[in-house]
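Participant: Below is a structure I'd like to ask you about.
2 protein chains.
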Amino acid sequence: MEPTGRREPTMREPTMRDVAALANVSTKTVSRVINGLPGAGTEVTDRVRAAARTLGYRPNLTASSLRRSDRRSATIGVLFEDLSNPFDAALLRAVEDRARHSGVLVLAGSNEDDHTLQRELLLSLSARRVDGVVVMAAGGHQDALQHERERGTPMVLVDRPPTFGGTDCVTTTNRESSRDAVARLAALGHRDIAFLGDRRTLWTSQERYTGYVEGLAQAGVALRGELVRTDLHGADLAETATAELFCLERPPTALFTAQNLVTVGAMRVLRARDLHRRVAVIGFDDFPLADMLDPGITVVRQDVPGIGRKAADLVLARIDGDTSPPVHAVVPAALVPRGSGEIVPLS
Amino acid sequence: MEPTGRREPTMREPTMRDVAALANVSTKTVSRVINGLPGAGTEVTDRVRAAARTLGYRPNLTASSLRRSDRRSATIGVLFEDLSNPFDAALLRAVEDRARHSGVLVLAGSNEDDHTLQRELLLSLSARRVDGVVVMAAGGHQDALQHERERGTPMVLVDRPPTFGGTDCVTTTNRESSRDAVARLAALGHRDIAFLGDRRTLWTSQERYTGYVEGLAQAGVALRGELVRTDLHGADLAETATAELFCLERPPTALFTAQNLVTVGAMRVLRARDLHRRVAVIGFDDFPLADMLDPGITVVRQDVPGIGRKAADLVLARIDGDTSPPVHAVVPAALVPRGSGEIVPLS
DNA sequence: AACTCCTACGTCAACGTTGACGTAACCAAG
DNA sequence: CTTGGTTACGTCAACGTTGACGTAGGAGTT
Chain A
3 MEPTGRREPT MREPTMRDVA ALANVSTKTV SRVINGLPGA GTEVTDRVRA
53 AARTLGYRPN LTASSLRRSD RRSATIGVLF EDLSNPFDAA LLRAVEDRAR
103 HSGVLVLAGS NEDDHTLQRE LLLSLSARRV DGVVVMAAGG HQDALQHERE
153 RGTPMVLVDR PPTFGGTDCV TTTNRESSRD AVARLAALGH RDIAFLGDRR
203 TLWTSQERYT GYVEGLAQAG VALRGELVRT DLHGADLAET ATAELFCLER
253 PPTALFTAQN LVTVGAMRVL RARDLHRRVA VIGFDDFPLA DMLDPGITVV
303 RQDVPGIGRK AADLVLARID GDTSPPVHAV VPAALVPRGS GEIVPLS
Chain B
3 MEPTGRREPT MREPTMRDVA ALANVSTKTV SRVINGLPGA GTEVTDRVRA
53 AARTLGYRPN LTASSLRRSD RRSATIGVLF EDLSNPFDAA LLRAVEDRAR
103 HSGVLVLAGS NEDDHTLQRE LLLSLSARRV DGVVVMAAGG HQDALQHERE
153 RGTPMVLVDR PPTFGGTDCV TTTNRESSRD AVARLAALGH RDIAFLGDRR
203 TLWTSQERYT GYVEGLAQAG VALRGELVRT DLHGADLAET ATAELFCLER
253 PPTALFTAQN LVTVGAMRVL RARDLHRRVA VIGFDDFPLA DMLDPGITVV
303 RQDVPGIGRK AADLVLARID GDTSPPVHAV VPAALVPRGS GEIVPLS
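Residue numbers (my numbering), protein chains in the order written: chain A, 3 to 349; chain B, 3 to 349.
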């Protein structure tokens, strides 16, 4: 039997003390050299650097941030709904990219739209003394978020506004872009435009629905309640709902699908019934290969990297002490015509 | 002008000392209560808990891990190529999920396939004293990885093996699945099967190419050099290469596309030339909506969550002191027939 | 020559926490 | 009543680092 194994039995991580001993200086001098602070002569600097290299010294940021006056960990937390969702992932990527350019690393977690889990993750981040957090809030109450915010942690919400005050957020033009998309369909002559939306608890779903209503009103088209289907969480539910729409006596001639999985579900039904060249579709949220389908899917595309960058900018500015009033940044979305949104009604 | 603003001017984070003072006990007793260690009476425990709650005390994990003997940060680092790539994101998600169940958080970073950046990220992780790392290695030399590994940091490589020894890795059945896919095409009667691959520097590309060669050999089909196109980094290059193949005197009747963007590029060309119903295609790596195209794309699907889970399992086990010999775990991929791979040659 | 000022160091304590160890009180057994 | 053991605490120092401050020596000024 081997002795129960620590990975490196005897070797300890070298510390400033070790470097100092080897270079025959005080630890404070090593600190100065490592941090590039003035007050170390060239000869001593070289000696310290050489010692650090031979020992393989690596600064310990946790000890450093414990002692430092600013108490920074150079780390921010990012909580998303599900990192395996490309939307969340692209957002994370943008945040991470922007953060890295400020020497800040990202602690990432998925809250799975569960506020209990979100609360736990928030505690974990808090225990690690992150300098700030970017959060795609889980549904349900935001008490944990509010509590954390009130402790003074810089916080930015993405894709939904806070239910409490004093906090920045970044969203896209959900309502306006939805209104424009619906108005566009109406302008082509459509009078029976269905709305297919995700869970109604989501702020974005509500906004997009409001935009739909406004778009119809703006075009002078009456809203038909039976053409509105919500709470379609996932492509399967969207399929069922779409199928039902085409069993109506007066089926829709156009669909406004307010989320990308909903769009995909709807398209499946249209293709199965060979309606995809006759029923117009505009979807909210772009998705890969939307241009490869037949017809290409016209979508409202969010500027995901832009949203992430903005969120990171905000939280980093707050960490740097920016105390200006809270901001609700709106990153505009753009309509990308690909064919499916340009289909005219049969008449 | 306001005074240049710290976020909370006067308030300090409460510490164990504050809690101890309020509860009229020593800090050590607070430590025992917070960590659920024995040696605290019920009455004292209640008093400490109450004090902690009123002060809003949060344990400081960085101070704790500095003092603790095991020196754990309960944090692992994850370096991927580009988190905005769904493959990387799904992998991150799986790792994160598994880690969370052990109370471990994930520090994420994208190395953008640049080993200088990878080196910097590794230093950042090291400075934060992560307990281990999961890495999708950037191309080029792996010196920085090896160095970090030799310091004793538990490490698992994903999607490619290490160029140095003593390190775990997790990959999929690149060679075997490629061989089977090509053999499958040959079994349908195809004799002119093209290979379209990503950058040759990638280990996965090499393996998949080897599988292609083996598949042909196994079926007794001669390899035609002009049907092999590699270094197709991105869909655009794949399009060009595919177009060239169909300018050959004897064009291929089937394509084996060894990466998902390559598959998409190839499909674009086939559709543009109306060959998509006549030329067979099997792609390596699944992608969203592959089933929605016409025909659906037959793919070799990697078990991405399985790979991530396995990688996390390995690194967490090493952190827990597992000193068994290094493992090269292979998570099997599966063929998903959807139509494009079942097309038979014309004559 | 005495003075200031600056540079290049060093010394010390503290950041928030916990391991090692000490101690007082109590109970049970001899 | 002592002895030994257990329980419930407390005391102290240390983890690796840096802020505050001290000091020795040299250069420049009067």
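Don't be surprised by glycine CBs; every beta carbon is placed ideally from N, CA and C. Because the structure is a prediction, the values reported are computed rather than measured.
Against chain B, which members of the segment 237–267 of chain A pass a CB distance test of less than 9 Å?
Facilitator: The residues in question are VAL266.
Participant: Can a CB atom of chain A be found closer than 9 Å to the CB of ASN62 of chain B?
Facilitator: Cβ-Cβ to chain A under 9 Å: yes for ASN62 of chain B.
Participant: Pick from A:THR232, A:ARG202, A:VAL135, A:ASP288: whose alpha carbon is nearest that of VAL97 of chain A?
Facilitator: When each option's Cα is compared against that of VAL97 of chain A, the closest is A:VAL135.
Participant: Would you be able to state if there are at least three C-beta pairs under 8 Å between the segment 241–259 of chain A and the segment 309–323 of chain A?
Facilitator: Output reads no: the segment 241–259 of chain A does not touch the segment 309–323 of chain A.
Participant: Let me know if ASP288 of chain A comes out buried or exposed under the rule of 16 or more other beta-carbons within 10 Å of its beta-carbon.
Facilitator: The residue is buried, with at least 16 neighbouring Cβ atoms inside 10 Å.
Participant: Using a Cβ cut-off of 9 Å (strictly closer), state whether ALA331 of chain A contacts chain B.
Facilitator: Not closer than 9 Å to any Cβ of chain B, the Cβ of ALA331 of chain A fails to qualify, so no.
Participant: DSSP beta-bridge partners for PHE82 of chain A?
Facilitator: Paired residue(s): A:SER112.
Participant: Where does the unbroken beta strand (DSSP E) through HIS330 of chain A begin, and where does it stop?
Facilitator: Where HIS330 of chain A is concerned, the enclosing beta strand (DSSP E) stretches over 330–333.
Participant: Distance, Cα to Cα, GLY7 of chain A vs LEU109 of chain B?
Facilitator: For GLY7 of chain A, the pLDDT reaches just 30, beneath the cut-off of 50, and the residue's location in the model is therefore unreliable, although a value from the coordinates is still provided. Using only the alpha carbons, I get a separation of about 26 Å.
Participant: On the CB-based measure, 16 or more other CB atoms within 10 Å of its CB, does ASN62 of chain A come out buried or exposed?
Facilitator: Its Cβ being crowded by 16 or more others within 10 Å, ASN62 of chain A is buried.
Participant: What are the residues of the segment 85–98 of chain B that lie near chain A, defined by any Cβ-Cβ distance shorter than 7 Å?
Facilitator: Correct list: LEU85, SER86, PRO88, ALA91, ALA92, LEU94, ARG95, GLU98.
Participant: Let me check understanding here. Comparing Cα to Cα, which of A:VAL160, A:ARG121, A:THR169, A:GLY154 lies closest to ALA146 of chain A?
Facilitator: Ranking the options by Cα distance to ALA146 of chain A, first place goes to A:ARG121.
Participant: Just to confirm before moving on: does the CB-CB distance between PHE248 of chain B and ARG210 of chain B stay below 9 Å?
Facilitator: No; because the gap between Cβ atoms is not below 9 Å, this pair is not in contact.
Participant: Quick one: is VAL108 of chain A near chain B, going by C-beta distance under 9 Å?
Facilitator: So yes, VAL108 of chain A belongs to the interface.
Participant: Compare the C-beta of MET138 of chain B against all C-beta atoms of chain A and say whether one is closer than 9 Å.
Facilitator: By this cut-off, MET138 of chain B is not an interface position.
Participant: Which whole-angstrom value is the C-beta distance of VAL132 of chain A and SER75 of chain A, which I expect to be below 8 Å?
Facilitator: Right, their Cβ atoms sit about 6 Å apart.
Participant: If you measure from the beta carbon of ASP296 of chain A to each beta carbon in chain B, is any gap under 9 Å?
Facilitator: So, interface residue.
Participant: Rounded to whole angstroms, what's the CA-CA distance from HIS143 of chain B to ALA331 of chain B? Just pull it up for me.
Facilitator: Rounded to the nearest angstrom, the two C-alpha atoms are 22 Å apart.
Participant: From what residue to what residue does the alpha helix (DSSP H) around ARG358 of chain A run?
Facilitator: Not covered by the structure: residue 358 of chain A. The range shown for chain A is 3 to 349.
Participant: Does DSSP put LEU374 of chain B in a helix, a strand or coil?
Facilitator: Nothing can be reported for residue 374 of chain B: it is not among the residues displayed for chain B, which extend from 3 to 349.
Participant: To test your reading of the DSSP string, which unbroken beta strand (DSSP E) runs of 3 or more residues are found completely within the segment 24–111 of chain A?
Facilitator: If we require 3 residues or more, the beta strand (DSSP E) runs fully inside the segment 24–111 of chain A come out as 77–82.
Participant: In or out: GLN220 of chain A buried (at least 16 other Cβ within 10 Å) or exposed?
Facilitator: It is exposed - the Cβ of GLN220 of chain A has fewer than 16 other Cβ atoms within 10 Å.
Participant: Just the chain A side, please: which residues come within less than 8 Å of ALA129 of chain B by C-beta, in chain order?
Facilitator: Per Cβ cutoff of 8 Å: ARG60, PRO61, ASN62, LEU63.
Participant: In three-state DSSP terms, what is MET2 of chain B?
Facilitator: Here chain B comprises residues numbered 3 to 349, so residue 2 of chain B is not present and cannot be evaluated.
Participant: Quick one: grab the DSSP three-state call for ARG231 of chain B.
Facilitator: Three-state DSSP puts ARG231 of chain B in a strand.
Participant: Whose C-beta lies closer than 7 Å to the C-beta of GLN304 of chain A among residues of the same chain, with five residues either side of it excluded?
Facilitator: Excluding residues within five positions, the ones whose Cβ falls inside 7 Å are THR174, ASP287, ALA335.
Participant: Distance, Cα to Cα, SER128 of chain B vs ARG60 of chain A?
Facilitator: Cα to Cα, SER128 of chain B sits roughly 7 Å from ARG60 of chain A.
Participant: Taking DSSP's pairing of strands, which residues face GLY134 of chain A in a bridge?
Facilitator: Bridge partners of GLY134 of chain A: A:ILE78.
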